[in-house]
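Residue numbers (our numbering), protein chains in the order written: chain F, 2 to 93; chain H, 2 to 93. Heads up, the beta-carbon is just placed ideally off N, CA and C, and yes, glycines get one too.
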DNA sequence: TGGTGATATCAGTTTCCGGTGATGCCCCGG
DNA sequence: CCGGGGCATCACCGGAAACTGATATCACCA
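Here it is in structure tokens:
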């Protein structure tokens, strides 16, 4: 989840939200170098945010919607806890 | 939203989810130095994730639940878009 | 089967960011 | 009014992470 901090990775995730794409698409659309994109994809892959799908000579990536939902649920839970506990201020 | 990338900041947000607290509480609970905590709080404050509330000599911080919900909604929207577009794979 | 294109990996460099120390401000209590 | 403590800001340093270039690997096609 802390992976979306980097602007390049956020751009990759945003591009993949429009549908599965192979590495060359991302390289063209984002204007980044190919190793750079590949490194970011590896990080996102290890975190389970994206899934790789070899397709002949290409490699297609698509978002893992469940992981995004889990992160969203975590944030919602924090917001809910914050609202529920907004009155018990600890004294110094 | 990219602010939750740092473990220290995530810990601060998590601590604040238990209720408003002043800087000294966070310093004690998280075992971080006071300037360190203050710097993180400043970043979170500028991002609108937390709100500062001067209280005599102390400064109480509390989470901005709306900002967390907005971030959660953004992630949910990404997940939904990913699910909706999972079939239109672009050809190379 | 050799060549080409797509992708992944690796080492090196540079840039960015978090942690620390020192300092100043403001509020409260004496 | 003045001393002390809570808090914020600034300058600096060290480490981590992103970008780059080179290279290896694999699949397709002639």
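Query	Result
Burial state of residue 10(H) (16 or more Cβ within 10 Å)	buried
Expected contact under 8 Å - CB spacing of residue 23(H) and residue 61(H) to nearest Å	5 Å
Chain H contact for residue 1(F) (CB, 8 Å cutoff)	This structure leaves residue 1(F) out entirely; chain F is present only between 2 and 93.
Residues of its chain near residue 68(F), where Cβ-Cβ distance is below 6 Å and the 5 sequence neighbours each way are ignored	49, 50
Residue 20(H), buried or exposed, once every other Cβ within 10 Å from all chains shown has been counted against 16	buried
Reduced DSSP secondary structure (H/G/I, E/B, other) of residue 60(H)	strand
Separation of residue 75(H) from residue 2(H), as counted between CA atoms	10 Å
Three-way DSSP call (helix, strand, coil) for residue 55(F) in this model	strand
Minimum C-alpha distance to residue 59(F) - residue among 44(F), 84(F), 27(F), 85(F)	27(F)
Classification of residue 1(F) by the beta-carbon crowding that lies within 10 angstroms, buried from 16 upward	With chain F running from 2 to 93 in the structure shown, residue 1(F) is simply not present.
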